[in-house]
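Position in the sequence shown counted from 1, then plus 1, gives you the working numbering. Taking it in order: structure first as structure tokens, then the write-up.
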Amino acid sequence: MTDALAITVIIPVFNAAPFVERAIGSVLAQSLPAAEILVVDDCSTDATRDIVATLALRHPNVRLLCMAANGGPSAARNTGIAQATGDWIAILDADDAYGPDRLAALAGLVARDPAADIVADDLLYYDAAAARTTGRALGPRAVPDGPVGVETYLAHNLADGRGPDWGLLKPMIRCAFLLSSGVRYVTAQRHGEDFTFMVTLLLHGARFRMLDAAHYLYTQREGAVSRKASDMTRTTIAYGALARAAIDLTGHPAIRATPGLAALLLRRAEGLSRLDDAHFFSQAIRRGAVGALAARALRRPSFVPRIGRQVGRALHRRIAIWRSA
């Protein structure tokens with residue numbers, strides 16, 4: 002069963018010259034080879050296209066697809082989906098990498114549950130500055146043993162700081178299900194696009210299974226060991242847009258028919274709004290933009306008390322660390 006799987010790996014890229022070869026190389030090194038590797042360049046202005054074109058000359062299963070205009074990661078992924086010839090589609094972000102047995106492990110899960118439409122594994126955090134992995138995102142025995150429904154998925158995407166959001170996971174999806182459902186990435190979303198995509202697939206009845214193992218190397222924005230920001234990410238943080246996307250999903254007929262699902266989405270939106278306020282505050286402080294802080298406080302009455310609580314918690318943690326030193 003695993004040998005019969007034809008897997009297309011889609012890698013959207015934008016100005017990824019310093020690290021795209023690592024991403025592609027990790028797919029080429031798979032113990033279960035990918036049928037094809039589609040690298041979709043989103044109008045890079047650096048040497049990304051030249052690097053990928055050179056690799057394509059050496060490896061027949063690597064194809065370079067060039068976007069006519071910059072459309073963001075969702076548009077690039079949709080372009081790859083439209084060109085894919087495999088039975089399954091897996092996504093790899095250009096700043097991330099696969100462990101050598103990722104495709105084999107996911108194919109093994111499909112063999113154990115041939116009815117699955119989506120499979121995913123845990124993430125292995127990667128500190129780019131330290132060049133090392135720093136542990137699993139979810140951890141062992143943290144994934145359900147059976148199919149994951151939309152309610153369970155939403156309950157693990159609340160953006161409340163109590164654990165990693167499952168929306169970070171990178172699924173492998175049966176191509177036939179994508180074609181029959183017509184679900185695609187929302188092109189307007191350039192941050193957190195996997196969450197909306199996955200929820201929509203689940204609302205269309207996709208059977209989702211999770212693997213209790215980590216084979217996807219996820220590059221952290223700030224390394225857990227080095228405490229240095231990664232220079233590999235190209236994503237612009239947009240928590241406010243993610244909050245609005247969660248609210249928009251409450252209008253889906255299946256969500257409206259199930260009040261519990263809408264409540265979970267509203268809790269997610271609230272969590273993302275808190276993250277948006279915290280991100281805005283930190284960026285404004287770095288720029289010395291006092292006027293911007295005042296304007297936001299006037300527009301959003303919850304901003305000041307929310308930030309006050311977050312600053313208080315941060316000070317409490319720092320004092321505790323200082324006392325224990």
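Yeah, the Cβ is synthetic: ideal placement off N, Cα and C, and Gly gets one too.
Contact defined as beta carbons within less than 8 Å: I believe Val41 pairs with Ile11. What is the distance between those atoms, to the nearest angstrom?
Between Ile11 and Val41 the Cβ distance is about 7 Å, and since that is below 8 Å, they are a contact.
Which complete alpha helix (DSSP H) runs does the segment 33–77 hold, if anything under 4 residues is left out?
Correct list: 49–59.
Check whether the segment 48–67 touches the segment 14–29, taking contact to mean three or more Cβ pairs, one atom from each stretch, closer than 8 Å.
yes
Confirm, please, whether the CB-CB distance from Ile119 to Leu202 is below 8 Å.
Cβ distance < 8 Å, so Leu202 and Ile119 count as in contact.
At the level of alpha carbons, what is the spacing between Leu139 and Pro61?
Their Cα atoms are separated by approximately 36 Å.
How big is the Cα-Cα spacing for His205 and Ser182?
Those two C-alpha atoms are separated by around 7 Å.
Nonlocal neighbours in the same chain, by C-beta distance under 6 Å from Gly241, ignoring five residues either side:
Asp277
Using DSSP bridges, identify the partner residues of Asp195.
According to DSSP, Asp195 bridges with nothing at all.
Is the segment 60–78 in contact with the segment 24–39, if contact means three or more CB pairs nearer than 8 Å?
In short, these stretches touch, since the Cβ pair count reaches three.
Could you give the uninterrupted runs of the alpha helix (DSSP H) lying entirely in the segment 243–286, keeping only those of 4 residues or more?
254–257
Note down, in chain order, each residue of its chain lying with its Cβ closer than 8 Å to the Cβ of Thr3, except the 5 sequence neighbours on either side.
Because the pLDDT at Thr3 is just 46, under 50, the model does not fix this residue reliably, and the point stays unresolved.
Assuming the contact rule is C-beta atoms closer than 8 Å, Arg210 and Ala117 should be a hit. Round their C-beta distance to whole Å, please.
5 Å
Figure out for me which residue from Ala285, Ala54 and Gly72 has the closest Cα to the Cα of Ala189.
Gly72
Is the separation between the beta-carbon of Thr9 and that of Gly100 shorter than 8 Å?
Annotated as distal: Thr9 and Gly100, with beta-carbon spacing of 8 Å or more.
Val187 in three-state terms, based on DSSP:
coil
Tell me which residues share the same chain as Leu262 and place their Cβ nearer than 7 Å to its Cβ, disregarding the 5 neighbours each side in the sequence.
Val151, Glu152, Leu155 and Ile256
In DSSP terms, what Phe209 is bridged to:
Ile119 and Val149
Output the boundary residues of the beta strand (DSSP E) element that contains Arg113.
Per DSSP, Arg113 belongs to no beta strand (DSSP E); it is in the alpha helix (DSSP H), Arg103 to Arg113.
So Ala177 is in the alpha helix (DSSP H); what residue range does that whole segment cover?
Cys176 to Ser182
Smallest Cα separation from Ser165: which of Ala247, Ala5 and Arg269?
A quick correction: the sequence has Pro, not Ser, at residue 165. It is Arg269 whose Cα lies nearest to the Cα of Pro165.
Considering Cα atoms alone, identify which of Leu218, Asp146 and Leu39 is closest to Asp123.
Leu218
When you compare the CB positions of Leu29 and Gln84, do they come within less than 8 Å of one another, or not?
no
Judging by CA-CA distance, which residue of Lys171, His157 and Pro141 is the nearest neighbour of Asp94?
Lys171
In chain order, what residues of the same chain lie with their CB nearer than 6 Å to the CB of Asn79, ignoring the 5 residues before and after it?
Arg185 and Tyr186
Within 10 angstroms of the Cβ of Glu194, are there 16 or more other Cβ atoms? Answer buried if so, exposed if not.
buried
Near Ala247, what residues of its chain come up, given a Cβ to Cβ distance below 7 Å and the 5 sequence neighbours on each side ignored?
Leu266, Arg269, Ala270 and Leu273
Span of the beta strand (DSSP E), counted from its first residue to its last, around Ile92:
Trp89 to Ile92
Using a Cβ-Cβ cut-off of 6 Å (strictly less than) and excluding sequence neighbours within five positions of Tyr227, which residues of its own chain qualify?
It should be pointed out that residue 227 corresponds to Ser in this sequence rather than to Tyr. Contacts found: Asp128, Ala130 and Ala131.
Cβ-based neighbour list, Arg245, same chain, cut-off 8 Å, excluding 5 preceding and 5 following:
Ala270
Reference Leu169, options His253, Phe198 and Gly26, closest by Cα
Phe198
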